[in-house]
Amino acid sequence: MLQKTRGIALSYIRYRETSIIARVYTEEYGLQSYIVNSVRTARSKNNKIALFQPLTLLDMVVYYKNDRDLHRISEVKTSYPFQSLPFEVGKSTIAMFVTEMLNKVLKEEASSPVLFRFLIDSVLFLEEAKINYENFHLIFLLKLSFFLGFGPESSREFESQLRENSYPFLPDDEMETALNIMLRQPLGTAIKLSRSARNELADALVTYYHIHIDSLGEVKSLPVLREVLG
Numbered sequence: 001m002l003q004k005t006r007g008i009a010l011s012y013i014r015y016r017e018t019s020i021i022a023r024v025y026t027e028e029y030g031l032q033s034y035i036v037n038s039v040r041t042a043r044s045k046n047n048k049i050a051l052f053q054p055l056t057l058l059d060m061v062v063y064y065k066n067d068r069d070l071h072r073i074s075e076v077k078t079s080y081p082f083q084s085l086p087f088e089v090g091k092s093t094i095a096m097f098v099t100e101m102l103n104k105v106l107k108e109e110a111s112s113p114v115l116f117r118f119l120i121d122s123v124l125f126l127e128e129a130k131i132n133y134e135n136f137h138l139i140f141l142l143k144l145s146f147f148l149g150f151g152p153e154s155s156r157e158f159e160s161q162l163r164e165n166s167y168p169f170l171p172d173d174e175m176e177t178a179l180n181i182m183l184r185q186p187l188g189t190a191i192k193l194s195r196s197a198r199n200e201l202a203d204a205l206v207t208y209y210h211i212h213i214d215s216l217g218e219v220k221s222l223p224v225l226r227e228v229l230g
């Protein structure tokens, strides 16, 4: 049955000679996998494979059957062509990290319109932001944790859970203030953090996710993020 849905591209893998299997978080069906044929050839029209780069916002018409793990796409286009996110090093590095985390924590389950709206708003903020996005990944992970069911109510709770799991996290007053602002304020809020504090908090947040998600595994983009943003 053909259905319309919006989606956020997360990743893809090569499939056979010319195709891919794309993972997309959709508004209507949650996380889904789609076979996309004939996109890895010189004759592929309109460079369609570019539509499945990290965090691309999609309008799709899909064939959907609830008893299948793999689906097909009838029509696809981007709903918001990016002008900065894939081309600015800082933003593209953040997008790589955020996408890796989403691939690890989102599961094949029923749709969540509230989570989808949060993800859309977050991607649009990162694309459009001119300033105050260097801490985006930190605020994003904190706010995402609430949708996943383990968001900390305060910086003290965050610190306590880390220490209870033998992670030596001892923030100074500046970082504790920053954490509380991140928990309570929107993505674009200006927050003062040194490079070293930003790195330390990124490591702590990934560890916090490890505590709550056993299958998280290694986050390969984290060292790159530290190097580029810090």
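Using full-length UniProt numbering, the letters of the sequence shown map in sequence onto residues 1 to 230. Built from N, CA and C at the ideal position, the CB exists for glycine as well.
Original post:
Is Thr189 helix, strand or coil when you go by DSSP?
Top reply: In the sequence shown, counting from the first residue as 1, residue 189 sits at position 189. Three-state DSSP puts Thr189 in coil, outside helix and strand.
Subject >> Beta-carbon proximity list for Leu51, same chain, < 8 Å, skipping 5 on both sides >> reply: Here residue 51 is taken as the residue at index 51 of the sequence shown, counted from 1. Closer than 8 Å at the Cβ level, and outside the excluded window around Leu51, lie Ala9, Leu58, Val76, Lys77, Thr78.
Original post:
So, using beta-carbon positions, are Ala22 and Tyr12 closer together than 8 Å?
Top reply: Taking the first residue of the sequence shown as 1, we reach residue 22 at position 22. Taking the first residue of the sequence shown as 1, we reach residue 12 at position 12. Yes.
**OP:** Just tell me which of Gln32, Leu55, Lys107, Ser92 has its CA closest to the CA of Ile73.
**Re:** Here the question's residue 73 lines up with position 73 in the sequence shown. Closest by alpha carbon: Gln32.
Subject >> Reduced DSSP secondary structure (H/G/I, E/B, other) of Glu88 >> reply: On the sequence shown, residue 88 is found 88 positions in, with the first residue counted as 1. Residue state, collapsed to three classes: coil.
Original post:
With which residues is Gln53 paired in a DSSP beta bridge?
Top reply: For the purposes of this step, residue 53 is identified with residue 53 of the sequence shown, where counting begins at 1. In DSSP, Gln53 forms no bridge with anything.
**OP:** Compare the C-alpha of Asp203 against each of Glu159, Ile181, Asn180, Ser215 and name the closest.
**Re:** Along the sequence shown, one-based indexing puts residue 203 at 203. Ranking the options by Cα distance to Asp203, first place goes to Glu159.
Original post:
Which residues mark the beginning and the end of the alpha helix (DSSP H) in which Glu75 is found?
Top reply: Against the sequence shown, residue 75 aligns to sequence position 75. That residue, Glu75, is in no alpha helix (DSSP H); its beta strand (DSSP E) goes 70-78.
Subject >> Integer Cβ distance of Arg198 from Leu229, believed to fall under 8 Å >> reply: The sequence position of residue 198 within the sequence shown is 198, counting from 1. The sequence position of residue 229 within the sequence shown is 229, counting from 1. Yes, Arg198 and Leu229 are in contact; Cβ-Cβ is about 7 Å, under 8 Å.
**OP:** Kindly indicate which three-state DSSP category Ile139 falls into: helix, strand or coil?
**Re:** Start at 1 with the first residue of the sequence shown, and residue 139 comes out as number 139. Correct three-state label for Ile139: helix.
Subject >> Nearest-angstrom Cα separation, counted from Tyr64 out to Ser19 >> reply: In the sequence shown, the residue the question calls residue 19 occupies position 19. In the sequence shown, the residue the question calls residue 64 occupies position 64. Their Cα atoms are separated by approximately 19 Å.
**OP:** Quick one: give me the first and last residue of the beta strand (DSSP E) that Ser33 is part of.
**Re:** Counting from 1 along the sequence shown, the entry for residue 33 is found at position 33. Here the beta strand (DSSP E) through Ser33 covers 30-36.
**OP:** Using the DSSP secondary-structure output, state which residues sit across from Ser19 in a beta bridge.
**Re:** For the purposes of this step, residue 19 is identified with residue 19 of the sequence shown, where counting begins at 1. Ser19 is bridged to Tyr15.
**OP:** Can you grab the Cα-Cα spacing for the pair His210 / Asn180, in whole Å?
**Re:** Counting from 1 along the sequence shown, the entry for residue 210 is found at position 210. Counting from 1 along the sequence shown, the entry for residue 180 is found at position 180. If you take the alpha carbons of His210 and Asn180, they lie about 21 Å apart.
Subject >> Cβ separation of Phe125 and Gly188, assumed to be a contact under 8 Å, to the nearest whole Å >> reply: The residue you call residue 125 lines up with position 125 of the sequence shown. The residue you call residue 188 lines up with position 188 of the sequence shown. Indeed, because the Cβ distance is near 6 Å, the residues count as touching under 8 Å.
**OP:** Return the CA-CA distance between Phe150 and Tyr208, expressed in angstroms with no decimal places.
**Re:** Mapped onto the sequence shown, residue 150 falls at position 150. Mapped onto the sequence shown, residue 208 falls at position 208. Between Phe150 and Tyr208, the C-alpha separation is close to 9 Å.
Subject >> Extent of the continuous alpha helix (DSSP H) run through Glu174 >> reply: Within the sequence shown, the letter at position 174 stands for residue 174. Note, Glu174: alpha helix (DSSP H), 173-184.
Original post:
For Ser145, is the classification buried or exposed, using 16 other Cβ atoms within 10 angstroms of its Cβ as the cut-off for buried?
Top reply: If you number the sequence shown from 1, residue 145 lands on position 145. It is buried - the Cβ of Ser145 has at least 16 other Cβ atoms within 10 Å.
**OP:** Could you tell me if Leu170 is buried or exposed, where buried requires 16 or more neighbouring beta carbons within 10 angstroms of its beta carbon?
**Re:** As a working note, residue 170 is residue 170 in the sequence shown. By the 10 Å Cβ count, Leu170 comes out exposed.
Original post:
For the candidate residues Pro152, Glu164, Lys4, Leu115, whose alpha-carbon lies nearest to that of Met60?
Top reply: Here residue 60 refers to the residue found at position 60 of the sequence shown. The shortest Cα separation from Met60 among Pro152, Glu164, Lys4, Leu115 belongs to Lys4.
**OP:** Specify the secondary structure class of Val39 as computed by DSSP and reduced to three states.
**Re:** As a working note, residue 39 is residue 39 in the sequence shown. Three-state result, Val39: coil.
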